[in-house]
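Numbering (the numbering used here), first residue to last: 0 to 77.
C-beta atoms are modelled at their ideal positions from N, C-alpha and C, and glycine is treated no differently.
Nothing here was measured: the structure is a model prediction, and the numbers come from that model.
Since the structure comes first, as C-alpha cells, the remarks are kept for the end.
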Amino acid sequence: MHFSNLVKLELTDNECIHCSICVKVCPRANIKLEEKPIIADTCEQCFGCVHHCITHVLKTNMDKVVKDILIHIYPYHK
Ligand code: SF4
Ligand code: SF4
C-alpha cells in the first residue's frame, strides 16, 4: 500500500463556522457541508482543506501513521 493511502482526513470537535473554504479549495469536490463537513471517498490527499480551515475542524491522522511506521521499523524502540 502506498504511504499516501494510509493518511486519512478526520474531524476534530472544533466548531465549524460554515465558511465553505474547504468546499471551495477541494479539487475533487469531495466535501459537502452540513453541520460539519461531510467527506466523501474521492479524496486525493492534497490536504488543502486542512491547511485552509481557520478553525481547525479538519485534520489528518498523520501523527498516528508516522508512529505506526516507526513502531514497524523499530519494534523494540518504545
Ligand atoms: S484533502 Fe484535498 S482532495 Fe481531500 S477532501 Fe481535502 S481538499 Fe479535497
Ligand atoms: S473550512 Fe473549516 S470552518 Fe470553514 S466550512 Fe470547512 S470545516 Fe467549516
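Exposure of Pro36, with buried meaning 16 or more beta-carbon neighbours within 10 Å: The C-beta of Pro36 has 16 or more other C-beta atoms within 10 Å across all chains shown, which makes the residue buried.
Closest Cα partner of Met61 within the set Gln44, Glu14 and Ser19: The residue with the shortest Cα to Cα distance from Met61 is Gln44.
Rounded separation between Glu33 and His51 - CA only: Taking the Cα positions, Glu33 is about 18 Å away from His51.
Buried or exposed by the 16-neighbour rule on C-beta atoms within 10 Å, applied to Asn4: It counts as exposed.
N- and C-terminal bounds of the beta strand (DSSP E) containing Lys58: Its beta strand (DSSP E) spans residues Leu57 to Thr59.
Any non-hydrogen atom of ligand 1 closer than 6 Å to Glu43 Cβ: Yes, Cβ of Glu43 sits closer than 6 Å to a heavy atom of ligand 1.
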